[in-house]
């Protein structure tokens, strides 16, 4: 669920951020970003918990909600990373050559966003895993029989003193996954910088 939520958040937030950064109309930029600014202060776990109560044990609802609470920050990140490239002389030259909007955004502006997005990916995945695990641990997400690490921790916590590994093993797997993914993301960012400077 966490991977799906992050992919959806980058798809929606990335598109909004690119459009906001590349538009020549201030009203469109404001119209796209101001509603997202209103959503930023909302507590993510509270929003997801409310949705999870309404659509109990719905993996799709939880995935979409985790994605939506991440969209504002992703959109702001992509917009900030794309602003310089979108307003630069290269984009103006491409427009004069009658290149399509899609070709300019994906072919040129989108590449300038890859570094910041790669750097943010580890943190975003960790946050999504934390939110999904929290909802599942509280019993608001997946059913108690679902094969999920947080569900396993929640289901076995009453027997912690009798069989500690039934709780510690899935908890350590969660920690190992997030730590390992962050290390992988850092390595990919380092590799991409080496390729750019080479």
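In our numbering, the protein residues as written are 16 to 213.
Think of the CB as a built atom: it goes at the ideal place given N, C-alpha and C, for glycine as much as any other residue.
Check whether residue i and residue j have beta carbons under 8 Å apart
i: residue 94; j: residue 35; result: yes
i: residue 64; j: residue 150; result: yes
i: residue 82; j: residue 128; result: no
i: residue 101; j: residue 37; result: yes
Alpha-carbon spacing of residue i relative to residue j, whole angstroms
i: residue 130; j: residue 155; result: 36 Å
i: residue 197; j: residue 137; result: 5 Å
i: residue 87; j: residue 183; result: 34 Å
i: residue 178; j: residue 169; result: 14 Å
i: residue 62; j: residue 50; result: 16 Å
i: residue 171; j: residue 152; result: 11 Å
i: residue 85; j: residue 78; result: 11 Å
i: residue 22; j: residue 176; result: 39 Å
i: residue 162; j: residue 73; result: 14 Å
i: residue 133; j: residue 113; result: 30 Å
i: residue 25; j: residue 39; result: 23 Å
i: residue 75; j: residue 144; result: 15 Å
Which of helix, strand or coil DSSP assigns to residue i
i: residue 112; result: coil
i: residue 59; result: helix
i: residue 135; result: helix
i: residue 25; result: helix
i: residue 39; result: coil
i: residue 48; result: helix
i: residue 158; result: coil
i: residue 202; result: helix
i: residue 125; result: helix
i: residue 102; result: coil
Burial state of residue i, where buried means 16 or more other Cβ atoms lie within 10 Å
i: residue 174; result: exposed
i: residue 89; result: buried
i: residue 206; result: exposed
i: residue 147; result: buried
Min CB distance residue i to chain C below 8 Å
i: residue 171; result: This model lacks chain C altogether; it includes just one protein chain.
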